[in-house]
Structure formats: structure tokens, C-alpha cells
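Take a look at the structure set out below.
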Amino acid sequence: MSTTRRTFVASGTLMAAAALTAGPAWTQALPFVSESDPPAAALAFHSEASTIDKQKFPQYAVGQSCSACAFYEGKPETTDGTCQMYSGKRVQSNAWCAAFFKRP
Ligand code: SF4
Numbered sequence: 042m043s044t045t046r047r048t049f050v051a052s053g054t055l056m057a058a059a060a061l062t063a064g065p066a067w068t069q070a071l072p073f074v075s076e077s078d079p080p081a082a083a084l085a086f087h088s089e090a091s092t093i094d095k096q097k098f099p100q101y102a103v104g105q106s107c108s109a110c111a112f113y114e115g116k117p118e119t120t121d122g123t124c125q126m127y128s129g130k131r132v133q134s135n136a137w138c139a140a141f142f143k144r145p
């Protein structure tokens, strides 16, 4: 395999992997929920669940994140998706808010 073909195959593999782990294409145009957005702040939204202070937010339990939540509209294996609680925005799969409800 020539270097050019090898480079093409490698870049194609990387692009395919990126497409599989990101949310659907139409959601990529949506802004992420910000922790300072009033609706998000009211629900203690955290863009990274692992940074949550369990003393301040005792309702949070290790292992809870958007990817495990019933309101998350992305596939569990994607890095982001939409949430029924925040219309017109997307959330990181490892985010969390107080509306978390375990996916059945
Ligand atoms: S409701 Fe669920 S999916 Fe939406 S931000 Fe909160 S934890 Fe994430």
C-alpha cells in the first residue's frame, strides 16, 4: 500500500470513528447547555458529572450521567445528544443535572 493510500485509509477510519461517537449530524449545530443558563442552573446542571461535589448535591450518585438518563436522546455510546429538559440544546453524555432519571 502506498503512503498516499495508507494515509487515505487511516484518515477515513478516523472520520468513521468520529462519526460513530458523535451525536447525529443535525444535533452538531445545536449549542451545548451552559451551567449558567437559568434553567440549567436551577437544576444544578454540571457539564462533567465527575466534578460534582457530593456534599453540595447529595442527590447525585456516582455513575449517574446523561448517557444513563431516560431524558437523554443520544445513544449511550455517543459523546453528546439532546435532552428533553433543554429544548434546542445538546448535552455532553457525561453531564448531569438534578432531573436525572435512570434509563430503564
Ligand atoms: S435530564 Fe438527564 S439527560 Fe438531561 S441534562 Fe439532566 S441528567 Fe442529563
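Position 55 of the sequence shown, counted from 1, bears residue number 96 in our numbering, the numbering being contiguous throughout. Beta carbons: idealized from backbone N, C-alpha and C, even for Gly.
Inset, instruction - Report all residues from its chain with a CB closer than 6 Å to the CB of Q96; omit the five preceding and five following residues, and keep chain order. - result: none
Legend entry - Paired residues, beta bridge with Q133 - DSSP: Answer is D121, bridged to Q133.
Legend entry - Contact test: A136 Cβ vs the ligand SF4 heavy atom, cutoff 7 Å: yes
Legend entry - 8 Å contact criterion, which Q125 and F112 should meet: CB distance rounded: 4 Å
Inset, instruction - Using only the heavy atoms of the ligand SF4, determine whether one of them is closer than 7 Å to the beta carbon of A102. - result: Not so, every heavy atom of the ligand SF4 lies at least 7 Å from the Cβ.
Inset, instruction - Just mark T123 as buried or exposed, buried being the case when its beta carbon has 16 or more other beta carbons within 10 Å. - result: Buried, because 16 or more other Cβ atoms sit within 10 Å of the Cβ of T123.
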